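Following: one structure in structure tokens, then a few remarks.
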Amino acid sequence: MAAQTNDLAQIVSRELLPFVQNPAQYVGGEVNEVRKNWAAAAVHFCLAFPDTYAIGMSHLGSAIIYELLNGRDDALCERTFAPWIDAQARMRQVGLPLFSWESRRAVRDFDIVGFSLQYEMLYTNVLAMLDLAGIAVLAAERTQADPIILAGGPGVDNPEPMAPFFDLMFLGDAEDALPRIIQRFHTLKEQHGWAASGGPRRGRDEVILALAREFDCLYAPGLIEPSWNADGTLAALRPKVDGLPPVTVAARAADLEHASFPVRPIVANSEVVHDRINIEIMRGCPRACRFCESGRTKGHVRCRGPEKVLELARAAYRATGLNEISLASLSPSDHPHLKAVLTTLDAEFAPKGVSLSLPSLRTNDQLELVPRLLGSVRKSGLTMVPEAALPRLRQAIGKPVQDEHLFAGAREAWSRGWNLIKLYFMIGLPTETEEDVAGIARLVRRVSDLRRETGKGPGKVNVAVSNFVPKAHTPFQFAAMAREEYLAGARDALRKAMPEGRLAVRVHRLDRSILEGVLARGDRRVGRAVYEAWRAGAKFDAWDECLNMDAWRAGFPAAGVDAAFYAHRERRRDEVLPWDRIVCGQTKEELWEDYQRALER
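Counting from 1161, one number per residue, gives the positions in the sequence shown under the working numbering.
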């Protein structure tokens, strides 16, 4: 591309910002942004989020890494995001490469570009960003002119679909392991005499190999060779070199009380999805839902106590002035000291007009406490996640919700003036029947009718229905995904059974869910389909207005991939799975046995 690094700031201001929608998202310079001296930093890390600024700025994990790395004397961390479609077109037109938000450096000038793989539907955006940055999209085609391309996040739980595009993939929690990796990289960079600002990265391959050998939380796809059986199933994943760890093991933060946390989060320049302070109160999940990849892969439960949560919230509020605090966790109502956390925060922040929120609530015996503890400032919507409506299916999926807890929480919410309850369900679950689907409508109507007990009319209930997608490292990793015809029938039955007006039903797109199912359990051949779909025009697949299924329908056959083989096929007990070298939860045999127990329900 024609643009030079020292010209990028002027080109962004002159040639990009006047020509795009919502230019504020590309401006940078936000409150609490960190700008460090490039020349004084030994390691230059670009944190890349493969979605828009509005989505990426709401991601807590990225904020943790940003603070973690910029807290080091030897490192510098800057951000980049996926420019929206109009901006990408304009950047290509004027020869402007993908740049960092802080210093307007070309992304290709950084030592390491770290992508956060939060969702399968972001995969083609990774390729678009690499291409826009002037970095070889395929790892096998990179040279000493290219930075090391690193992946992290849930997408690494099954690394193989994105293996063709990454040099290294980091598994697990960043807080303890990533600083050690950066320190070792610093040493290796000096040993090999890497040039600064995009010059030759001498010994690049040797650096990747050394890191892969020394850190068992790093997966190096280029050093692992897959092979296949005649029936199309995976035969083996064998290392190409000696000295690699036998498996990749998820790194774990020892505890949250002392873990690094962003107490000066960046305040976005433009509207973002979650414009609030996020405090992680618990990591891991005490439950064992058979469908939940996050719950099965995040490790043992670690909590922040009420005083630590208050300390972090005070600091973040002083630094931002934001008027909402969200308590983040896979299952916040399972926090052992939730009541103390909420009452402590409420006493501090209610007088300041600051609201407290919980992202979603498991229906347990603490649920009815939540409306009264959250309701002192703002009463908008309360989100509960029963997932299934009837006891048998709840037992089968490992989520033994009790209706009495759900109804008690709903009664408390309606009686305290809450305007809306949001309920989340899934369809297409293993062992699901027509009665299970019909039960969703009955349960939703019951929750709505509970508002009549307050002397008012039925309550407003929003119902979000997702199509079940089997994920790696769960007991349901062996299950066939329901076909589109079944999911469409269940969706239509639900909509017919829900009375319009007080109940609003939203069902995820079926074609996107099937695509997610292919990518979630795909192998390296599926990575070829990702590449071909991107070349055919796939981008921003998580966005309804952008999802281009024609590009995917072209991409799969171009790569020689049968999508149904990956989405709708039951896996055998002894089958080699693409994530077999990844250790982040239970063993494969334990998951198989748990799957059999689910089928017996």
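Yeah, the Cβ is synthetic: ideal placement off N, Cα and C, and Gly gets one too. Just so we're clear, the structure is a prediction, and the values are computed from it rather than from any experiment.
#1: Check Y1279 in the structure and name its three-state DSSP category.
#2: To test your reading of the DSSP string, which unbroken alpha helix (DSSP H) runs of 4 or more residues are found completely within the stretch 1660-1690?
#3: Is H1728 near E1453, with beta carbons less than 8 Å apart?
#4: Pull the bridge partners of R1398 from the DSSP assignment, please.
#5: Please work out which residues of its chain come closer than 6 Å, Cβ to Cβ, to R1424, disregarding the five sequence neighbours upstream and downstream, and give them in chain order.
#6: Taking the alpha helix (DSSP H) that I1308 belongs to, which residues open and close that run?
#7: Measure the CB-CB distance between P1446 and D1494 and report whether it falls below 8 Å.
#8: Helix, strand or coil: which one does DSSP assign to F1638?
#9: Tell me which same chain residues have a C-beta within less than 6 Å of the C-beta of P1319, skipping the five on either side of it?
#10: By Cβ distance, which residues of its chain are closer than 6 Å to K1582, with the 5 residues on each side in sequence left out?
#11: Could you name the residues of the same chain whose beta carbon sits closer than 8 Å to that of P1314, not counting the 5 residues immediately before and after it, in chain order?
#12: Grouping DSSP H, G and I as helix and E and B as strand, with all else coil, what is R1443?
#13: With a Cβ-Cβ cutoff of 8 Å, do P1210 and F1275 count as a contact?
#14: Applying the criterion that 16 or more other CB atoms from any shown protein chain within 10 Å of the CB defines a buried residue, is K1349 buried or exposed?
#15: Return the CA-CA distance between V1537 and L1516, expressed in angstroms with no decimal places.
#16: Count the other C-beta atoms from every protein chain shown that fall within 10 angstroms of the C-beta of A1759, then say buried if there are 16 or more, exposed otherwise.
#17: Have a look at A1723 and I1272 and give me their C-alpha separation to the nearest angstrom.
#18: Taking the CB atoms as reference points, tell me whether G1363 and H1352 lie closer together than 8 Å.
#19: So what does DSSP say about I1342, is it helix, strand or coil?
#20: Please tell me whether R1606 and G1619 are closer than 8 Å, where the distance is taken between their beta carbons.
#21: Determine the direct distance from the alpha carbon of A1476 to that of G1682, and round the result to whole angstroms.
#22: Quick check on K1656: buried or exposed, where buried means 16 or more other Cβ atoms within 10 Å of its Cβ?
#23: With DSSP run on the structure shown, which of helix, strand or coil describes I1557?
#24: DSSP state of T1543, grouped into three classes?
#25: To the nearest angstrom, how far is the alpha carbon of P1560 from that of A1266?
#26: DSSP state of F1270, grouped into three classes?
#27: Do you know offhand how far C1206's Cα is from R1361's?
#28: Report the three-state DSSP secondary structure of V1254 (helix, strand or coil).
#29: Note the first and the last residue of the continuous beta strand (DSSP E) segment covering H1565.
#30: Whose CA, out of L1397, A1410 and L1472, lies closest to the CA of H1418?
#31: Whole angstroms is fine: what's the gap from P1590's alpha carbon to F1636's?
#32: Counting contacts by CB-CB distance shorter than 8 Å, is R1741 in contact with chain C?
#33: Following the continuous alpha helix (DSSP H) through I1215, name the residue where it begins and the one where it ends.
#34: What separation, rounded to the nearest whole angstrom, lies between the Cα atoms of L1487 and I1557?
#35: If you reduce the DSSP assignment to three classes, tell me which class M1586 lands in.
Concretely, from the data shown:
#1: Residue mapping note: residue 1279 aligns to position 119 of the sequence shown, counting from 1. Residue state for Y1279 is assigned as coil, using DSSP reduced to three classes.
#2: You should have 1670-1680.
#3: Here the question's residue 1728 lines up with position 568 in the sequence shown. Here the question's residue 1453 lines up with position 293 in the sequence shown. Remark: C-beta atoms of H1728 and E1453 do not approach each other more closely than 8 Å.
#4: Here residue 1398 corresponds to residue number 238 of the sequence shown, with the count starting at 1. In the DSSP output, where bridge partners are listed per residue, R1398 has E1385.
#5: Looking up residue 1424 in the sequence shown gives position 264. Taken in chain order, the residues that qualify are N1192 and A1479.
#6: In the sequence shown, counting from the first residue as 1, residue 1308 sits at position 148. Element bounds for I1308: not the alpha helix (DSSP H) but the beta strand (DSSP E), I1308 to G1312.
#7: Residue mapping note: residue 1446 aligns to position 286 of the sequence shown, counting from 1. Residue mapping note: residue 1494 aligns to position 334 of the sequence shown, counting from 1. Result yes, Cβ atoms of P1446 and D1494 sit closer than 8 Å.
#8: Taking the first residue of the sequence shown as 1, we reach residue 1638 at position 478. Here F1638 sits in helix by DSSP.
#9: The residue labelled residue 1319 in the question sits at position 159 within the sequence shown. Excluding positions up to five away in sequence, the list reads M1329 and Y1379.
#10: Residue numbering aside, residue 1582 sits at position 422 when the sequence shown is read from its first letter. Counting only Cβ-Cβ distances below 6 Å, and skipping sequence neighbours, we find G1541, T1543 and N1622.
#11: On the sequence shown, residue 1314 is found 154 positions in, with the first residue counted as 1. Excluding five sequence positions before and after P1314, the CB atoms of its chain that fall closer than 8 Å to its own CB belong to L1277, Q1278, Y1279, E1453, S1454 and T1457, given in chain order.
#12: For this step, residue 1443 is matched to residue 283 along the sequence shown. Strand.
#13: Here residue 1210 corresponds to residue number 50 of the sequence shown, with the count starting at 1. Here residue 1275 corresponds to residue number 115 of the sequence shown, with the count starting at 1. Taking 8 Å as the cut-off, the Cβ atoms of P1210 and F1275 count as close.
#14: Along the sequence shown, one-based indexing puts residue 1349 at 189. Label assigned to K1349: buried.
#15: Counted from its first residue, the sequence shown places residue 1537 at position 377. Counted from its first residue, the sequence shown places residue 1516 at position 356. In this prediction, V1537 scores a pLDDT of 47, lower than 50, which makes its location untrustworthy; no coordinate-derived value is stated.
#16: Position 599 of the sequence shown, counting from 1, holds the residue named residue 1759. Residue 1759 is actually Leu in this sequence, not Ala. Under this definition L1759 is an exposed residue.
#17: To locate residue 1723, count along the sequence shown from 1; it is residue 563. To locate residue 1272, count along the sequence shown from 1; it is residue 112. Those two C-alpha atoms are separated by around 33 Å.
#18: Start at 1 with the first residue of the sequence shown, and residue 1363 comes out as number 203. Start at 1 with the first residue of the sequence shown, and residue 1352 comes out as number 192. Result yes, Cβ atoms of G1363 and H1352 sit closer than 8 Å.
#19: Within the sequence shown, the letter at position 182 stands for residue 1342. In the displayed model, I1342 falls within a helix according to three-state DSSP.
#20: Working through the sequence shown from its first residue, we reach residue 1606 at position 446. Working through the sequence shown from its first residue, we reach residue 1619 at position 459. Contact flag unset, no.
#21: Position 522 of the sequence shown holds residue 1682. Position 316 of the sequence shown holds residue 1476. Distance between the alpha carbons of G1682 and A1476: 40 Å.
#22: Looking up residue 1656 in the sequence shown gives position 496. Classification for K1656: exposed.
#23: By 1-based counting over the sequence shown, the position of residue 1557 is 397. I1557 falls in the helix class under three-state DSSP.
#24: Walking along the sequence shown from the start, residue 1543 turns up at place 383. Strand.
#25: Stepping through the sequence shown from its first residue, residue 1560 is reached at position 400. Stepping through the sequence shown from its first residue, residue 1266 is reached at position 106. About 51 Å.
#26: Along the sequence shown, read from residue 1 onward, the residue named residue 1270 stands at position 110. Note: F1270 maps to coil in three-state DSSP.
#27: Within the sequence shown, the letter at position 46 stands for residue 1206. Within the sequence shown, the letter at position 201 stands for residue 1361. Taking the straight line joining both Cα atoms gives about 16 Å.
#28: The sequence position of residue 1254 within the sequence shown is 94, counting from 1. Secondary structure of V1254 (DSSP, three-state): helix.
#29: On the sequence shown, residue 1565 is found 405 positions in, with the first residue counted as 1. Looking at the DSSP string, H1565 is not in any beta strand (DSSP E); the run it does join, the alpha helix (DSSP H), is D1563 to S1575.
#30: On the sequence shown, residue 1418 is found 258 positions in, with the first residue counted as 1. Closest option to H1418, judged by alpha-carbon separation, among L1397, A1410 and L1472: L1472.
#31: For the purposes of this step, residue 1590 is taken as residue 430 along the sequence shown, with counting starting at 1. For the purposes of this step, residue 1636 is taken as residue 476 along the sequence shown, with counting starting at 1. Approximately 8 Å, taken between the alpha carbons.
#32: Absent from the structure: chain C. Only one protein chain is present.
#33: On the sequence shown, position 55 is the one that residue 1215 refers to. In the DSSP assignment, I1215 falls within the alpha helix (DSSP H) that extends over Y1213 to G1216.
#34: Taking the first residue of the sequence shown as position 1, residue 1487 is located at position 327. Taking the first residue of the sequence shown as position 1, residue 1557 is located at position 397. Between L1487 and I1557, the C-alpha separation is close to 26 Å.
#35: Taking the sequence shown and counting its residues from 1, the one referred to as residue 1586 is at position 426. M1586 carries a strand assignment under DSSP once its states are collapsed to helix, strand and coil.
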